[in-house]
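K.L.:
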Amino acid sequence: MAAARPAFASGTDSALGGLSLVGKNGPELMNVPRGAQIIPNDVLRNRCVGGGVSAPVSVSIDARGADAAGLARLKTQISQLKAELPTRVVAAVKDAKARRVLA
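Mapped onto our numbering, the consecutive letters of the sequence shown carry residue numbers 24 to 126.
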């Protein structure tokens, strides 16, 4: 009977509803409400016990031969990048989570 039921070991953002296989210590049947979100154990563990995302960024610039005005423009662009980078990284992580590419 349980073999034909949906199983959510990898989680789901919107269950169809009805009897489904769940359980970390072997299969268990659960009557899941329609639209329920099921978060798998590994994702839960990472969110609750210091899980995080690291996004190191390295930029190399060869400014040999640049004049003072070029260096000033470069300095302004680097400052702008430093200011925008955290927001861009957070947006990329949120997007990856929404697409379930990143747990």
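Ideal Cβ placement from N, Cα and C applies to all residues, glycine included. Here the structure is a predicted model, which means the values were calculated and not measured.
What's the gap between the Cα of Val-80 and the Cα of Leu-39?
P.N.:
One C-alpha to the other measures close to 41 Å.
K.L.:
According to DSSP, is Leu-39 part of a helix, a strand, or is it coil?
P.N.:
Leu-39: coil per DSSP, three-state reduction.
K.L.:
Beta-carbon separation of Asp-37 and Val-55 under 8 Å?
P.N.:
Here residue 37 turns out to be Ser, not Asp, going by the sequence shown. Not in contact: Ser-37 and Val-55 (Cβ atoms no closer than 8 Å).
K.L.:
Taking only beta-carbon atoms, is Leu-97 less than 8 Å away from chain B?
P.N.:
Note that chain B does not occur in the displayed structure, where there is just one protein chain.
K.L.:
Please identify the residue among Phe-31, Arg-87, Val-116, Thr-99 whose C-alpha is closest to the C-alpha of Asn-64.
P.N.:
Selected option, being the one with the closest Cα: Phe-31.
K.L.:
Going by DSSP, what residue range makes up the beta strand (DSSP E) through Val-55?
P.N.:
Note, Val-55: beta strand (DSSP E), 51-55.
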